[in-house]
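Report on the structure given below.
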Amino acid sequence: MSQFTISETSNTFFQWLTASVFALLLLVATAVPAQAQMEDGELPEIDFSVNLMQSAQYISEDIDADANSNLTDDGVYAGFHQIRAGLTASVQFSENVSGLLMLQQEPNDFGTNGFSPAVDFAVMNLQVSDALTVQAGTPVTGLVNFRGFSDGPVVQGNPLIGNSAADMITAAQGVKLIYGSDAFGFDLTVNTGFGGNVTGDFTTGENGAASTQAPSGINVIGKARYTGSDVFKVGGGIAVQTGDRGIVFANGDRENYNFPDTPKSSKATNAAIPNEVILQGDAKVLLGGADIDAWVGYGSGADGDATATFGGLGVKFDVNEDFHLAGRFSGALNNEADDNGSLGRFQAGFGYEIYDTALLKVEGVRQTNQDLAPIATGDGAGGPGSRGNSWYGVLTELSFNF
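Residue numbers (mature numbering (1 follows the signal peptide of the UniProt record, and there is no 0)): -36 to -1, 1 to 366.
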């Protein structure tokens, strides 16, 4: 869920900024409570959490040597991924005011080498009532209601290692209204993506020789869910955009499968859904030790010039408290292609909780691509949906969460 990157030229400034942020948080936890205690006897609370993750892969790609001369001869890509790390501070400033700040070293999002943390997620919460909250900052954005998702080092909510082939979720700058009760919930989000521009201002090129208009408009995302049953939950939502920016989460939120000729931050193996209007419905069924997720969605481009259908089915089965099995099939279909180009991904694996905070996961994955490129909106080797070859692989992942 990347919001900005830190270049090497500004690394010193960022280190200073990071130290200042945490100094401020520590002041909140020390100096301010003394004053609060004198006034009303209540102390603001601050909690820290740490996430660490290391993974490795063996991936073999089905290569057409004539059409892919820039790729390695054997199409085998094996090795360790760059470690991911995150530090989260959650502050309860008062009874109805709270905030959350996540600093992450997340190479799959930010594409940086070495250890360069960035502000990955930051929200301010105003609790209007027991059921209603207003959230500002970079709220989670998407149409997923129930499914677990891997993002940077925060991976233990996902029973597998990779996400689905069409994961419609990210985070972006904006504001979110959240309502939740025992049986029903909804949220409404308005955001502008990562750049924050809504006016379409012109930017001038070098020496005033050329100018281009920045993307404009906002995203409006609404979804609702029924959670009144211990066995069955269901939800749905719609996302629209008002300008030419496109829906910010239409291309997913990075991947866990790495290829040497694509950037670390690429979405080359993920489907890119047409980003004018997106609808999605999802459901969760809990039966004994089985946790079943199903979802289906539809996206259309400007003036209906491109449409796609996507969805998936995932199952997690808890063998005991420490060991689970999991499987997932997900994919996307290009409705406009003459031969109905498609992308499909099958994942199967297991997870073993070594200790209370340590989870080991192993996954086998197979992805097939059949002329899906017309859906993609990105260009080049790193563009969404641009990895046109089929491939398979085995991955391992060890994560700590405390």
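Positions of the beta carbon are idealized from the N, C-alpha and C atoms, including for glycine. This one's a predicted model, so the numbers in the text were calculated from it and none came from an experiment.
Among the residues of its own chain, which have a CB less than 6 Å from the CB of residue i, if the five just before and after it don't count?
i, result
"F364", "L16, T321 and A322"
"A42", "Y22"
"T360", "A20 and V326"
"G263", "I237, P238, I242 and A272"
"G296", "Per the sequence shown, residue 296 should be read as Ala rather than Gly. Excluding residues within five positions, the ones whose Cβ falls inside 6 Å are A130, A235, A272, F274 and L307."
"L362", "Q18 and L324"
"V119", "M17 and S363"
"T206", "G181 and I182"
"E317", "D286 and L323"
"L277", "A258 and F293"
"G121", "G112"
"A49", "L16, Q69 and P117"
"A63", "Reading off the sequence shown, one finds Gly at residue 63, where the question assumed Ala. Hits under 6 Å: V55 and M88."
"G265", "P238 and E240"
"I256", "V249 and V279"
The beta strand (DSSP E) that contains residue i, what's its start and end?
i, result
"H288", "F287 to N298"
"S264", "A254 to S264"
"Q137", "Taken as a continuous stretch (DSSP letters only), Q137 belongs to no beta strand (DSSP E), as it is neither H nor E."
"L243", "V241 to L251"
"M132", "Per DSSP, M132 belongs to no beta strand (DSSP E) and is neither H nor E."
"Q21", "E9 to E25"
"I223", "Rather than Ile, the amino acid found at residue 223 in this sequence is Phe. Unbroken run through F223: none, as it is neither H nor E."
"R309", "S306 to Y319"
"G149", "F148 to N155"
"Q120", "Note, Q120: premise wrong, no beta strand (DSSP E); not H, not E."
"G278", "T271 to D282"
"G201", "F196 to Q205"
"Q46", "Here Q46 belongs to no beta strand (DSSP E), and DSSP marks it neither H nor E."
"D94", "Note, D94: premise wrong, no beta strand (DSSP E); not H, not E."
"P185", "According to the sequence displayed, residue 185 carries Ile and not Pro. From DSSP, the beta strand (DSSP E) with I185 extends over N183 to Y190."
"S180", "Element bounds for S180: n/a, residue is neither H nor E."
"residue 398", "Any question about residue 398 goes unanswered here, given that the chain covers just -36 to 366."
"N365", "W355 to N365"
"T105", "V104 to G106"
"V212", "It is not in any beta strand (DSSP E) - V212 carries neither H nor E in the DSSP assignment."
"S62", "V61 to Q69"
Got a sec? Which residues, its chain only, sit under 7 Å from residue i by beta carbon, not counting five neighbours each side?
i, result
"P123", "G112, K280, H288, A290 and G315"
"Q91", "N60 and T97"
"T153", "P103, T105, G138, K140 and I185"
"K197", "F110, R189, Y190, T191, A247 and K248"
"D282", "G253 and H288"
To the nearest whole angstrom, what separates the beta carbons of residue i and residue j, a pair I think is in contact under 8 Å?
i, j, result
"M132", "Q18", "About 27 Å separates the two Cβ atoms, so there is no contact after all."
"Q99", "V87", "5 Å"
"A129", "R330", "Not really, about 11 Å apart at Cβ, beyond 8 Å."
"T156", "A135", "Rounded, the Cβ-Cβ distance is 12 Å, inconsistent with contact."
"D225", "S180", "Incorrect: roughly 34 Å between the Cβ atoms, too far for contact."
"G210", "K231", "Not really, about 14 Å apart at Cβ, beyond 8 Å."
"I142", "T97", "5 Å"
"I47", "G313", "About 20 Å; that fails the 8 Å criterion."
Answer with buried or exposed for residue i, where buried requires no fewer than 16 other C-beta atoms within 10 angstroms of its C-beta.
i, result
"Y319", "exposed"
"N89", "buried"
"Q1", "Since pLDDT at Q1 reaches only 40, below the 50 mark, its modelled position is unreliable, and the value read off the structure follows with that caveat. With fewer than 16 other Cβ atoms within 10 Å, it is exposed."
"E59", "exposed"
"F223", "buried"
"S193", "exposed"
"F85", "buried"
"V108", "buried"
"G268", "exposed"
"G169", "Confidence is the limiting factor: at G169 the pLDDT is only 49, short of 50, which leaves the residue's position unreliable, though a coordinate-based value still follows. That one is exposed."
"F44", "exposed"
"residue 410", "Nothing can be reported for residue 410, as the shown portion of the chain is limited to -36 through 366."
"S93", "exposed"
"F213", "buried"
"V14", "exposed"
"N333", "buried"
"N284", "exposed"
"A95", "exposed"
"V83", "buried"
Whose C-beta lies closer than 8 Å to the C-beta of residue i among residues of the same chain, with five residues either side of it excluded?
i, result
"V(-9)", "Low per-residue confidence applies at V(-9): pLDDT is 42, beneath 50, and the placement is therefore not dependable enough to give any value."
"Y356", "I23, S24, G328, V329, R330 and Q331"
"N261", "Correcting the residue type first, residue 261 is Gly in the shown sequence and not Asn. Within the same chain, G261 has close Cβ partners L107, A130, M132, I237, I242, L243, Q244, G245, T273, F274 and G275."
"E219", "N72, G126, N127, S230, K231, A232, T233 and N234"
For residue i, would you say it is in contact with chain C, using Cβ-to-Cβ distances shorter than 7 Å as the test?
i, result
"M132", "Going by chain labels, chain C is absent from the structure shown, which holds only one protein chain."
Q) Is the region 200 to 213 touching the region 183 to 192 in the sense that three or more CB pairs, one from each, lie closer than 8 Å? A) yes
Q) Is the region 141 to 153 close to the region 236 to 251, with three or more CB pairs under 8 Å? A) At 8 Å Cβ cutoff, the stretches do not touch.
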